[in-house]
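What follows is one structure encoded as structure tokens, with my remarks underneath.
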Amino acid sequence: GNWKSDRWLYPAKFGGDQMIKLIAIDLDGTLLHEDKSLSRANIEALHQAHEAGYDIVICTGRPLSGVRPIFEAIDLPDGDYYMIINNGCTTLSTKKWEIIGKEELTHNDMHRLYQLTEDHKVQLTLFDLDHYLVVEEEASQLVANDADMVHNQPKTVHEKDLSRYVPIFQAMYVGEPTAVDAFQAQHEAALEVDFNTVRSQDILFEVLPKGASKASALQALSQKLGYRREQVMALGDANNDLEMLRFAGYSVAMGNGNTAVKEVADFITLTNDEDGVAHAIHKLIETEKGE
């Protein structure tokens, strides 16, 4: 799987100046092993990167419930860190878990998205900061499993009660791969006009506010921190990482990443189960420190 893994075409150092300042890291398929565990090697590499002066930013499609336990397990030294969740719809400061940037769906958006489920075997799920909502009488087993993976339970909600939950950041249609294929084939083109869409997994088709992506949030955060895109390194494996990898000055695809991700990347590291994030971070530190 790591066919290009030693093609480390890292830009030459400028008079010892540290090029990369911010490391943006996806979670599923990237930092996490396939069994969703966080390895000791990856935790140690993140600590080394922090000590070497890099800003570590988790950049994930997961909602907060699925990110906070991982951030706490990494256990970086006390400080204020940033994370991008909900595929770029929400940027948080970890000091008080405050939202510092957001994109949201309107009630008209949600009404429209819900109506599209009528002819399909998919369920519409919606996310505010705390809830994994499903606009259905009962959550499907797929929805329940997906919510469980992010340490949450699906909360069923009637469409007319959605106004109680604000802001809603993103929507996700969940169903068997063939059902999601059919839904996507029928509706993606029309949805693309007014939203950002991404088929992030075979059972998930996500609908985000127009312009929202991991890349848009990462760009805004970089600007806030005073970094140019050349000073950003991003690591990912899947379709929802593509824009972020294209934005970053230096992009790393996981060895287990899909073909499209590998094609845009500057470097292909080891797989997630082989601690590919740690491998790339060690290469970065060695290169920049001239070790």
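Numbers 3 to 293, taken from our numbering, label the letters of the sequence shown in order. Using N, Cα and C, we set each Cβ at its ideal position, and we do this for glycine too.
When you compare only the Cα positions, how much space is there between Val200 and Ala217? Locating residue 200 in the sequence shown gives position 198, counting from the first residue. Locating residue 217 in the sequence shown gives position 215, counting from the first residue. Looking at the two C-alpha atoms, the distance is approximately 13 Å.
Buried or exposed for Val263, going by 16 or more other Cβ atoms inside 10 Å? Within the sequence shown, the letter at position 261 stands for residue 263. By the neighbour-count rule (16 or more Cβ atoms within 10 Å), Val263 is buried.
Any idea if Ile2 is buried or exposed, counting beta-carbon neighbours within 10 angstroms, 16 or more meaning buried? With the chain running from 3 to 293 in the structure shown, residue 2 is simply not present.
Can you give me the start and stop residues for the beta strand (DSSP E) that Phe171 sits inside? In the sequence shown, residue 171 corresponds to position 169, counting from 1. It is not in any beta strand (DSSP E) - Phe171 carries neither H nor E in the DSSP assignment.
On a Cα-Cα basis, can you pick out the residue from Ser41, Ala255, Thr119, Glu106 that is closest to Ala240? In the sequence shown, counting from the first residue as 1, residue 240 sits at position 238. Nearest of Ser41, Ala255, Thr119, Glu106 to Ala240, Cα basis: Ala255.
CA-to-CA distance, Thr119 to Asp183, given in whole angstroms: Here residue 183 refers to the residue found at position 181 of the sequence shown. Here residue 119 refers to the residue found at position 117 of the sequence shown. If you take the alpha carbons of Asp183 and Thr119, they lie about 13 Å apart.
Count the other CB atoms, across all protein chains shown, that sit within 10 Å of the CB of Ala187; report buried if there are 16 or more and exposed otherwise. By one-based count along the sequence shown, residue 187 stands at place 185. Exposed.
Short Cβ contact (8 Å threshold) for Phe207 with Ile170: Your numbering for residue 207 matches position 205 in the sequence shown. Your numbering for residue 170 matches position 168 in the sequence shown. No, they are not a contact pair.
Return the Cβ separation of Leu237 and Val279 in integer angstroms, given the expectation that the two are a contact with Cβ distance under 8 Å. As a working mapping, residue 237 is identified with position 235 in the sequence shown. As a working mapping, residue 279 is identified with position 277 in the sequence shown. Confirmed, Cβ separation roughly 6 Å.
Please confirm if Val124 has its CB atom under 8 Å from at least one CB of chain C. Structure shown: chain C not included; a single protein chain is present.
Can you name the start and end residues of the beta strand (DSSP E) that Ile201 belongs to? Residue numbering aside, residue 201 sits at position 199 when the sequence shown is read from its first letter. First, the amino acid is wrong: residue 201 is Arg here, not Ile. Arg201 -> beta strand (DSSP E) spans 197 to 203.
Per the DSSP calculation, Gln188 is bridged to which residue(s)? Taking the first residue of the sequence shown as 1, we reach residue 188 at position 186. BP columns for Gln188 are empty, so no partner.
Just curious, the beta strand (DSSP E) that Met21 is in, first and last residue? If you number the sequence shown from 1, residue 21 lands on position 19. Taken as a continuous stretch (DSSP letters only), Met21 belongs to no beta strand (DSSP E), as it is neither H nor E.
Round the Cβ separation of Leu94 and Glu100 to the nearest angstrom and send it over; I've been treating them as touching at under 8 Å. On the sequence shown, residue 94 is found 92 positions in, with the first residue counted as 1. On the sequence shown, residue 100 is found 98 positions in, with the first residue counted as 1. Their Cβ separation, rounded to whole angstroms, is 7 Å, which keeps Leu94 and Glu100 in contact under 8 Å.
Lys97 versus Asp121 - alpha carbon distance: Taking the sequence shown and counting its residues from 1, one reaches residue 97 at position 95. Taking the sequence shown and counting its residues from 1, one reaches residue 121 at position 119. Each residue's Cα considered, the two are about 44 Å apart.
With DSSP run on the structure shown, which of helix, strand or coil describes Asp239? Locating residue 239 in the sequence shown gives position 237, where the first residue counts as 1. Coil.
Since Val168 and Pro156 are thought to touch, with beta carbons under 8 Å apart, how far apart are those beta carbons, to the nearest angstrom? Counted from its first residue, the sequence shown places residue 168 at position 166. Counted from its first residue, the sequence shown places residue 156 at position 154. The Cβ separation is near 19 Å, so there is no contact.
Sub-8 Å separation of Ala26 and Leu220 beta-carbons: Stepping through the sequence shown from its first residue, residue 26 is reached at position 24. Stepping through the sequence shown from its first residue, residue 220 is reached at position 218. Yes; because the gap between Cβ atoms is below 8 Å, this pair is in contact.
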